[in-house]
Amino acid sequence: KNFVKTMLRLAGDRDEISVVSDQWGNPTSALDIADAILHAATTLHRDKDLAAFGTYHLAGTGETNWSGFARHILDTSLKSGGPWARVRDITTMDYPTKARRPANSRLSSA
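Quick note on numbering: the numbering used here labels position 17 of the sequence shown as 32, and the sequence is numbered without any gaps.
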């Protein structure tokens, strides 16, 4: 599922959305990923010896929890005339799922 689309859909149906606030990550935009892939492809194309070949790592520099991410999505939606809802912070214990989710999925960008 797509978190952004889910938040927008729920905001169209509800006044308040409950989102976990104790799971942290650093979302990386699709534009940043595309730029990094284009840079790597260009470098590999130029370097015929493939000296630049290897494992690459990319992580966004900001960090947030899921409820903070939801607020940002919905505030941005509101500014552009889209749906909005209040976000209520809950804990992972308040939102049981079949799959266990890590409390900290932040990646280092160092």
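No residue lacks a Cβ here, since even glycine has one placed at the ideal position from N, Cα and C.
Item: Residue 121 Cβ short of 8 Å to the ligand SAH heavy atom set; Value: The ligand SAH is absent from the structure shown, which contains no ligands of any kind.
Item: Which listed residue (74, 112 and 99) has its alpha carbon closest to that of residue 24; Value: 99
Item: Extent of the continuous alpha helix (DSSP H) to which residue 62 belongs; Value: Premise fails: residue 62 is in no alpha helix (DSSP H) and is neither H nor E.
Item: Three-way DSSP call (helix, strand, coil) for residue 24 in this model; Value: helix
Item: Helix, strand or coil at residue 103 [DSSP, three-state]; Value: strand
Item: For residue 106, the nearest candidate out of 33, 94 and 121 (CA to CA); Value: 33
Item: Limits of the beta strand (DSSP E) - the one that residue 33 falls within; Value: 31–35
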